[in-house]
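Asks:
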Amino acid sequence: MAKFRYGLLLALIASSALAATPKGDWLVEDKDAIIRVDSCGSALCGTVVWTKKPGGLDENNPDPAKRSRPIMGLQLLLGMKPASDGRWAGDIYNPENGKTYTSRIWLKSDDTLRVEGCVLGLLCSGQDWTRTKLETAAPTSSRSAPGKK
33 MAKFRYGLLL ALIASSALAA TPKGDWLVED KDAIIRVDSC GSALCGTVVW
83 TKKPGGLDEN NPDPAKRSRP IMGLQLLLGM KPASDGRWAG DIYNPENGKT
133 YTSRIWLKSD DTLRVEGCVL GLLCSGQDWT RTKLETAAPT SSRSAPGKK
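According to the working numbering, the sequence shown holds residues 33 to 181 in order.
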């Protein structure tokens with residue numbers, strides 16, 4: 033019985049540790065895209081895995097050679113590394129204006145990720161993203177955003 037309780041305790045601790053990470057699929061605040069946060073090397077990155085309007089291009093990129101690349105599969109969160117107090121710091125690319133900003137992310141709760149971008153480290157703006165599950169339908173589907181977890 034003691035082994036069972038010990039095993040149960042370890043399982044609970046492990047599940048808490050997994051829940052405390054921003055890895056997963058996140059529905060952005062305006063519900064028109066899902067960003068998958070996952071490991072990329074020693075950091076975390078966030079990639080567009082679903083969009084409400086398929087076929088969009090990175091047309092506002094300052095590099096003309098990149099303006100024809102699709103939004104689907106585009107990496108938006110770049111090089112997020114643990115900073116302090118459960119926060120990660122790196123950069124965020126905004127395809128709406130083609131600019132990259134200093135960024136930080138952190139979990140406000142298991143199902144809410146705060147994402148902020150800053151200019152000069154002083155002027156910051158952000159969104160709360162909601163944890164979701166990407167349904168098995170093709171990620172370029174034009175249907176409404178997948179349901180929440």
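Here a beta-carbon is modelled for each residue, glycine too, at the ideal position from N, C-alpha and C. Since we're looking at a predicted model, the values are computed, not measured.
Apart from the five residues on each side of it in sequence, which residues of its chain come closer than 7 Å, Cβ to Cβ, to Ser-48?
Replies: Here Ser-48 scores only 43 on pLDDT, less than 50, and its place in the model should not be relied on; the value that follows carries that caveat. Closer than 7 Å at Cβ, skipping near neighbours: no residue.
Asks: Could you pull the start and end residues of the beta strand (DSSP E) that Met-112 belongs to?
Replies: Start and end: 107-114.
Asks: Tell me the DSSP secondary structure of Pro-97 in three-state form.
Replies: Before going on, a small fix: residue 97 reads as Ala here, not Pro. If DSSP states are grouped into helix, strand and coil, Ala-97 belongs with the helices.
Asks: With DSSP as the reference, label Glu-91 as helix, strand or coil.
Replies: Note: Glu-91 maps to coil in three-state DSSP.
Asks: Given Glu-128, which residues of its chain have a CB within under 7 Å of its CB, disregarding the five upstream and five downstream residues?
Replies: Cβ within range, chain order: Asn-92.
Asks: Would you call Val-80 buried or exposed, if buried means 16 or more other Cβ atoms sit within 10 Å of its Cβ?
Replies: By the 10 Å Cβ count, Val-80 comes out buried.
Asks: As an exercise, report each continuous alpha helix (DSSP H) stretch of at least 4 residues that is fully enclosed by the region 137-164, in chain order.
Replies: Counting whole runs of 4 or more residues, the region 137-164 contains no alpha helix (DSSP H) stretch at all.
Asks: On the DSSP letters alone, give me the boundaries of the beta strand (DSSP E) that Ala-121 sits inside.
Replies: Start and end: 119-126.
Asks: My output table needs one value for Leu-76: the three-state DSSP class, helix, strand or coil.
Replies: Strand, per DSSP.
Asks: Measuring alpha carbon to alpha carbon, tell me which residue in Asp-90, Cys-150, Lys-63 and Asp-64 is nearest Gln-107.
Replies: The residue with the shortest Cα to Cα distance from Gln-107 is Asp-90.
Asks: Between which two residues does the beta strand (DSSP E) harbouring Gly-130 extend?
Replies: From DSSP, Gly-130 is part of no beta strand (DSSP E); its letter is neither H nor E.
Asks: Roughly how far, in whole angstroms, is the beta-carbon of Leu-139 from the beta-carbon of Ile-124, given that I think they are within contact range, below 8 Å?
Replies: Wrong, their Cβ atoms sit about 16 Å apart, outside the cutoff.
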